[in-house]
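Q: Take this structure, written in structure tokens, and hold onto it; I'll ask about it next.
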Amino acid sequence: MLSHACAKGEEVDNGCVVRARGLPWMSSEGEIAKFFRGLNVAKGGVALCLSPQGRRNGEALIRFLTSEHRDMALRRHKHHMGGRYIEVYKATGEDFISVAGVSVAVG
Numbered sequence: 001m002l003s004h005a006c007a008k009g010e011e012v013d014n015g016c017v018v019r020a021r022g023l024p025w026m027s028s029e030g031e032i033a034k035f036f037r038g039l040n041v042a043k044g045g046v047a048l049c050l051s052p053q054g055r056r057n058g059e060a061l062i063r064f065l066t067s068e069h070r071d072m073a074l075r076r077h078k079h080h081m082g083g084r085y086i087e088v089y090k091a092t093g094e095d096f097i098s099v100a101g102v103s104v105a106v107g
């Protein structure tokens, strides 16, 4: 399910995506990008995960411009956003596509 999609046909590099869990349910794409301040989040690179009822479930996939920035984002695992600690894990381009509906870069 998607909350914020990228341009149709845009590709996602498998090495540039993380999954963030434990986000406050009312977090906006901008607030999530702010959590990763100093790193280059791709334009349209925050995809909020939704429950089957269409509500935000506290997870998001975040796409960075480089794998180096993705690796730096992983170091924010268990950092706090408001009063909550956020879990940050590696994710794939396919994970991002399943939420945002874009294509994966091959090669």
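Under the UniProt record's numbering, the first residue of the sequence shown is numbered 1, with each subsequent residue one higher. Ideal placement from N, C-alpha and C gives every residue a C-beta, glycine not left out.
1) Consult DSSP for Ala20 and reduce its assignment to one of helix, strand or coil.
2) Are the segment 44-60 and the segment 17-36 touching by the rule of at least three beta carbon pairs closer than 8 Å?
3) Spatial neighbours of Arg19 within its chain, please: C-beta separation below 7 Å, excluding the five flanking residues on both sides.
4) Report the rounded CA-to-CA distance for Ser98 versus Val46, giving the unit in angstroms.
5) Based on the DSSP secondary-structure assignment, which residues constitute the bridge partners of His80?
6) Look up Leu61 in the DSSP assignment and say whether it is helix, strand or coil.
7) Helix, strand or coil for Arg56, going by three-state DSSP, please let me know.
8) Taking the alpha carbon of Leu39 as the reference point, which residue from Ala100, Arg84, Arg63, His79 has its own alpha carbon closest?
9) Can you find the residues in the same chain that come closer than 6 Å, C-beta to C-beta, to residue 178, ignoring five residues on each side of it along the sequence?
10) Going by beta carbon distance, what residues of the same chain come within less than 7 Å of His69, once the five residues before and after it are set aside?
A: For this structure:
1) Along the sequence shown, one-based indexing puts residue 20 at 20. The answer is strand: DSSP assigns Ala20 an E or B state.
2) yes
3) By 1-based counting over the sequence shown, the position of residue 19 is 19. So the list reads Glu59, Leu61, Tyr89, Ala91, Asp95, once near-sequence residues are dropped.
4) Translated into the one-based positions of the sequence shown, residue 98 becomes position 98. Translated into the one-based positions of the sequence shown, residue 46 becomes position 46. For Ser98 and Val46, the distance between alpha carbons rounds to 13 Å.
5) On the sequence shown, position 80 is the one that residue 80 refers to. BP columns for His80 point to Tyr85.
6) Numbered from its first residue, the sequence shown carries residue 61 at position 61. Three-state DSSP puts Leu61 in a strand.
7) Stepping through the sequence shown from its first residue, residue 56 is reached at position 56. Look at Arg56 here: in three-state DSSP terms it is strand.
8) Position 39 of the sequence shown, counting from 1, holds the residue named residue 39. Of Ala100, Arg84, Arg63, His79, the residue nearest in Cα terms is Arg63.
9) Because the chain is modelled from 1 through 107, residue 178 falls outside the range shown and cannot be assessed.
10) The residue you call residue 69 lines up with position 69 of the sequence shown. Excluding positions up to five away in sequence, the list reads Leu39, Asn40.
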